[in-house]
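Visitor:
There are 2 protein chains.
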Amino acid sequence: MDRIVRVNMTDLTTRIEAVLEAWVPLGGRALTSSIVAAEVPPACHALGPNNKLVLAPGLLTGTAAANSGRISVGAKSPLTGGIKESNAGGTAAKALAKLGIKALVVEGAAKDDKWYSVHVTKDAITIQEETELVGKGNYCLVNQVQARYGKPVAVVSIGPAGEMKMLTANVSVADPESHIRSAGRGGLGAVLGSKRVKFISIDDSGTPPVMPKNAAKFKEAARVFAQTLLDHPVSGQGLPTYGTNVLVNILNEAGGLPTRNFTSGQFAGHDKISGETMHDIIVQRGGTPTHGCHPGCQIQCSQIYHGKDGKYLTSGFEYETIWGMGADCCIDDLDDIAEADHVMDDIGVDSIETAVMFGVAMEAGVLPFGDGKGVVRMLRDEIGKGTPLGRILGSGAGNVGRIYGVTRVPVVKNQGIPAYDPRAVKGIGVTYAMSPMGADHTSGYAVATNILSVGGHVDPLSKTGQVELARNLNIATAAIDSTGMCLFIAFPALDIPACLTSLIDMINARFDINLTGDDVTTLGKTVLKIEHAFNIAAGLTKEHDRLPEFFSGEPVPPHNVVWDFTPEELDAFWDF
Amino acid sequence: MDRIVRVNMTDLTTRIEAVLEAWVPLGGRALTSSIVAAEVPPACHALGPNNKLVLAPGLLTGTAAANSGRISVGAKSPLTGGIKESNAGGTAAKALAKLGIKALVVEGAAKDDKWYSVHVTKDAITIQEETELVGKGNYCLVNQVQARYGKPVAVVSIGPAGEMKMLTANVSVADPESHIRSAGRGGLGAVLGSKRVKFISIDDSGTPPVMPKNAAKFKEAARVFAQTLLDHPVSGQGLPTYGTNVLVNILNEAGGLPTRNFTSGQFAGHDKISGETMHDIIVQRGGTPTHGCHPGCQIQCSQIYHGKDGKYLTSGFEYETIWGMGADCCIDDLDDIAEADHVMDDIGVDSIETAVMFGVAMEAGVLPFGDGKGVVRMLRDEIGKGTPLGRILGSGAGNVGRIYGVTRVPVVKNQGIPAYDPRAVKGIGVTYAMSPMGADHTSGYAVATNILSVGGHVDPLSKTGQVELARNLNIATAAIDSTGMCLFIAFPALDIPACLTSLIDMINARFDINLTGDDVTTLGKTVLKIEHAFNIAAGLTKEHDRLPEFFSGEPVPPHNVVWDFTPEELDAFWDF
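These protein sequence lines are chains A and B, in that order. Just so you know, we're using our numbering here: the first sequence kicks off at 1 and counts up by one. Just so you know, we're using our numbering here: the second sequence kicks off at 577 and counts up by one.
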């Protein structure tokens, strides 16, 4: 039977609890946000003892359901000041699910300056003092932890950035190849660092697979579900072939590829960093163009990218990273960006926040636009080592703007705006403004409908229909994030009715319940409202549901459009 | 007749306007806050072209009224994100008043990277490109500007910190000796820097004194008023003798002297930095123990402090600076603190924000507690030169906390908490929490009644009566700040009825109107409500009217008291 595990860093004790009745039907983001909202005082210091970091697999994690292995990480965010859920692939979600751990809650704060690790097995949860791996990067850490236990245990960790409580620090999760995936956004690695937990290792040895209550019904639904992922052109062809980086050329063509710190929507060097170019480089150097971030992934949008020497350089090399270091920083050398990606994974910083930050830092004159080598050097020698400049850069785009007096700072709720210009792709702009997560494309990916014509088409340059689109997508995403599913199932879910019905069938078969489509929508709405209420109690207001001033005043080429929503139009997002 | 002068930095034009009917009875803070609230979009970027910086003398400035020469500086604050008024002595207020300039508004933003100065005479307002003094400190700047014009023109300027748009940057005002006074709080120097105005020089040559409409009535009221300043023990004896620094020993005795980044209420080295010690050092070295910050000052709480070599070291050497660099940073060498004060004046940073920031930076391990030489070195070589570390330190206590992951960060609305521990002096804590200005002792100086028994006595350690006390003092202060009067007239005003009546008589005689005491209270209330409404529209909420979490969780010795107001108790502040 599922349990909640608590790791108390104040008195270094652990506790196993039954799951509250109300939390039984929840997983992933629904559960992390419910626990944070119930137990964390909204006004607390995010790096103080009253914050909690919650890890939760999804409702279907550990079953044979395709793409069900994402892990949700939740807490009050030190970056946004609001509630946060960030999810990632890797092997941790499956291991927790197999161990019957519905959520692992790290709470309190160590009273001394020691570092600790947490080891979870089917028999015990142990807190141990850690000395050997303190200061180490994630790549080294994962290798050494797995060597220590003599097997590929799941690992959730922080790099040096998390130890230094930098606001860009992510929570890293080892993937099936012992490479690094990231719950990147919102500085959750700083929260784990504030608890002085360097890593959590999870050994699911001796546990059986998660068995659905109605195995036959589950198997049939899982088959249908998997087929819809294959049938949709985005999840079945585009993503497996080119990965998420297929978007560089698409967004450039659409004039929505934020370039040179959001001063243009097109990047002259787009071909050099595109998914098509990347695919060719990977194949040519013997990398892996098609790869899954977690066990059971069928979409396989990830990849392993080799350097010029034919050796591993990075993996999970996503569009948003390549856009950010590429177009937004005007770097057109994919190897420089790949090296930056590797270093970011290793020191443990969010590649979106860090890339947006470098765009602002370049505008401030800290380094020139286009200086890929400079970015890698600053990542390694400044951020990674916590020099004063590294501390500045590691504190995110908003802080760099404040420190250098830059007025063009693309953030919402102090979180960097990702890879789609909100003036030219207005639906995603509504998501950036309104999501309780701060600027986050994954919260309600209106790019699908604005640019990819998935789930219909809404003109990206017109305000018409965007708030409704973003609202519906944010609700649906909150529900999907609660299943533990990869968000990319949303592409077939938006176009192929059997995708969503089979997903619900799987959940029903897993727990022997009778959810309807309406129930799922209700779950999404409930999650959003819980998160919104937390943020309001934490001091965020309607004024924080706005894009920065410059988007309204500076037309972005080539369409020369501005951000033109009224406050009233935006606030209608919450009418549900 | 009074006029409003506008300096538009976008098109480098100036304009002289009649005063709006509604603004005729306003001066000082009432006028700066009214103009900012009417003309600055609350959600604008504080360092962008839509913010405005307003300079305004008070209602009685330029007359023979004692202590009437403060200048108010207003804008949206880049530090707090809310409205701001900060006032200072110096000669600028009197010069503006004699020129009939009720407010000087700097608006827009230069489109190029040049620096400018503004020169104001009775004949013209001129904007000139400035090259010679860019990068210069305030001391050098004032000397050179006065040399350039061949006379002691009034000077309002920014130092290097303001040029770099640091959030600790103040607006500096030359005093009668061409030394430096500061409108310190809220980063208003960064606003002037964002307009690329290095200094404003004001030459009042050829203008007569400001003549009250009813000269005889004015003269009699001014006499009575001046007598009350002499009669009160604080304004007549304590302040002239020991300056504001008389408070070190008093607050230490009361257990409310924040020490070692607000972890204790008493400082072992208090005697070494006390007003009494300082007085002896000043006399012994041939300094000036009793000195006025502006023409017409009768209280003379300021002083000129010489170094060991008997030469000028600093002036306007206030309790809050000495407390902050002293007790809060555990520095017990008054010469080190004096040198720090000189450097802060020269580079143009707020000595309160900077001192609170150093306390946080010391807790973060940036330098050791007690390292006075290190503080001076970092001020001069890091902040003054804008190195990465200097950028961090120059961005204020809140940002230093964010960058180093410190949880004990004494700020409200991101502005450093001054020299009175809110747990042990609860009335001032209410002011810190509730003032629209952010943490600011001068907004409602409950220390007077809690500690000095001026205006009655309210037990500093009890919650009883504190909200009402703070509310009344905030209302009264908003009114006093609007007259252009030195705040220290509040001491006699609280205890000697003739003080307030003669002040009102002077205003009535000056303008030939019939204000009552109630009108003055209404003015104070109106100013506060205008400011509060601006802040709400800018995105500040009730949650920003709170002290940081640690004040509730950490008892402060020696009384071992915590901050224990409920949200409801605090919010009652606004019930008027």
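Every residue gets a Cβ at the ideal spot worked out from N, C-alpha and C, and that includes glycine.
#1: Hey, is G159 of chain A's beta-carbon within less than 8 Å of any beta-carbon in chain B?
#2: Exposed or buried, which one is V612 of chain B when buried takes at least 16 other CB atoms within 10 Å?
#3: Measure from the C-beta of I403 of chain A to each C-beta in chain B and report whether the shortest distance is under 8 Å.
#4: Taking the alpha carbon of K506 of chain A as the point to measure from, which residue in A:A109, A:L133, A:A221 and A:T207 has its own alpha carbon closest?
#5: In whole angstroms, what separates the C-alpha of D1071 of chain B from that of G812 of chain B?
#6: Under DSSP, the beta strand (DSSP E) around W899 of chain B begins and ends at which residues?
#7: Any beta carbon of chain A sitting closer than 8 Å to that of E1125 of chain B?
#8: Could you spell out where the beta strand (DSSP E) holding I778 of chain B opens and where it closes?
#9: Do S609 of chain B and V1103 of chain B come within 8 Å of each other at the CB atom, strictly closer than that value?
#10: To the nearest angstrom, how far is the alpha carbon of L257 of chain A from that of E318 of chain A?
#11: Going by Cα to Cα distance, which pick from B:A679, B:V773 and B:E958 is closest to Y692 of chain B?
#12: What ranges does the alpha helix (DSSP H) occupy inside the segment 744-803 of chain B, keeping only unbroken runs of at least 4 residues that lie completely in it?
#13: I'd like the ranges of any beta strand (DSSP E) spanning at least 3 consecutive residues and lying wholly in the segment 507-575 of chain A.
#14: When we look at the beta-carbon of G310 of chain A and count the other beta-carbons within 10 Å, is it buried (16 or more) or exposed?
#15: Is A88 of chain A near V5 of chain A, with beta carbons less than 8 Å apart?
#16: Distance check for A651 of chain B and F1152 of chain B, CA to CA, integer angstroms please.
#17: Count the other C-beta atoms from every protein chain shown that fall within 10 angstroms of the C-beta of A92 of chain A, then say buried if there are 16 or more, exposed otherwise.
#18: Could you tell me the alpha carbon to alpha carbon distance between V747 of chain B and M901 of chain B, rounded to whole angstroms?
#19: Using 8 Å as the threshold, is the C-beta distance between L827 of chain B and C877 of chain B below it?
#20: Just grab the DSSP bridge partners of W691 of chain B for me.
#21: So with Cβ pairs under 8 Å, would you call K741 of chain B a contact of chain A?
#22: Provide the residue span of the alpha helix (DSSP H) that contains I1056 of chain B, from first to last.
#23: Just the Cα atoms here: how many angstroms apart are Q874 of chain B and P865 of chain B?
#24: Check distances from the C-beta atoms of the segment 174-207 of chain A to those of chain B and list, in chain order, the residues that come in under 9 Å.
#25: In chain B, which residues lie less than 7 Å from P541 of chain A when you measure between Cβ atoms?
#26: Compute the Euclidean distance between the alpha carbons of G1031 of chain B and T1025 of chain B, then round it to the nearest angstrom.
#27: Determine the closest residue to G348 of chain A out of A:E130, A:V145, A:G184 and A:G484, with distance taken between C-alpha atoms.
#28: Under 8 Å: do the segment 533-544 of chain A and the segment 39-47 of chain A share three or more Cβ pairs, one atom per stretch?
#29: In whole angstroms, what separates the C-alpha of L104 of chain A from that of S733 of chain B?
#30: What's the call for L547 of chain A, buried or exposed, on a 16-neighbour Cβ count within 10 Å?
#31: Which first and last residues belong to the alpha helix (DSSP H) in which R724 of chain B is found?
#32: Return the Cβ separation of R402 of chain A and F218 of chain A in integer angstroms, given the expectation that the two are a contact with Cβ distance under 8 Å.
#33: Reducing DSSP to helix, strand and coil, say where V732 of chain B ends up.
#34: Using a Cβ-Cβ cut-off of 7 Å (strictly less than) and excluding sequence neighbours within five positions of T783 of chain B, which residues of its own chain qualify?
#35: What residues in the segment 243-270 of chain A bring their beta carbon closer than 9 Å to a beta carbon of chain B?
#36: Roughly how many whole angstroms lie between the Cα atoms of A1015 of chain B and A1009 of chain B?
Guide: This is what the structure holds:
#1: So no, G159 of chain A is outside the interface.
#2: With at least 16 other beta carbons inside 10 angstroms of its own, V612 of chain B counts as buried.
#3: In terms of beta-carbon proximity, I403 of chain A lines the interface with chain B, with at least one pair separated by less than 8 Å.
#4: Rather than Lys, the amino acid found at residue 506 of chain A in this sequence is Met. It is A:A221.
#5: Near 13 Å, if we compare the C-alpha coordinates of G812 of chain B and D1071 of chain B.
#6: Here W899 of chain B belongs to no beta strand (DSSP E); instead the alpha helix (DSSP H) covers Y895 to W899.
#7: For E1125 of chain B, the closest Cβ of chain A is nearer than 8 Å.
#8: Run containing I778 of chain B: V773 to I778, per the beta strand (DSSP E) assignment.
#9: In contact: V1103 of chain B and S609 of chain B (Cβ atoms closer than 8 Å).
#10: So the alpha carbons of these two residues sit roughly 15 Å apart.
#11: Ranking the options by Cα distance to Y692 of chain B, first place goes to B:V773.
#12: List check, alpha helix (DSSP H) in window: 764-770.
#13: Counting whole runs of 3 or more residues, the segment 507-575 of chain A contains no beta strand (DSSP E) stretch at all.
#14: Exposed is the call here.
#15: The answer is no: Cβ separation not under 8 Å.
#16: Each residue's alpha carbon lies about 25 Å from the other.
#17: By the Cβ-count criterion, A92 of chain A is buried, with 16 or more other Cβ atoms from all chains shown falling within 10 Å of its own Cβ.
#18: Approximately 20 Å, taken between the alpha carbons.
#19: Between L827 of chain B and C877 of chain B, the C-beta gap is not smaller than 8 Å, which leaves the two residues out of contact.
#20: In the DSSP secondary-structure assignment, W691 of chain B is bridged to B:E706.
#21: By the rule that beta-carbons nearer than 8 Å mark a contact, K741 of chain B touches chain A.
#22: First-last of the alpha helix (DSSP H) with I1056 of chain B: Q1042 to T1059.
#23: One Cα belongs to Q874 of chain B, the other to P865 of chain B, and the distance between them is close to 14 Å.
#24: Cβ contacts with chain B come from A190, G193 and S194.
#25: What sits at residue 541 of chain A in the sequence shown is Thr, not Pro. Ordered by position in chain B, the residues that pass the 7 Å Cβ test against T541 of chain A are G1115 and T1117.
#26: The straight-line gap from Cα to Cα measures roughly 6 Å.
#27: If we check each option's Cα against that of G348 of chain A, A:G184 comes out closest.
#28: At 8 Å Cβ cutoff, the stretches touch.
#29: The alpha-carbon atoms of L104 of chain A and S733 of chain B are separated by roughly 56 Å.
#30: Residue environment: L547 of chain A is assigned as buried (16 or more neighbouring CB atoms within 10 Å of its CB, all protein chains considered).
#31: DSSP places R724 of chain B in the uninterrupted alpha helix (DSSP H) bounded by N714 to Y725.
#32: So it is not a contact: roughly 51 Å between Cβ atoms.
#33: The DSSP-derived three-state label of V732 of chain B is strand.
#34: Excluding residues within five positions, the ones whose Cβ falls inside 7 Å are K674, L675 and K698.
#35: Using a CB distance below 9 Å, no part of the segment 243-270 of chain A faces chain B.
#36: Those two C-alpha atoms are separated by around 6 Å.
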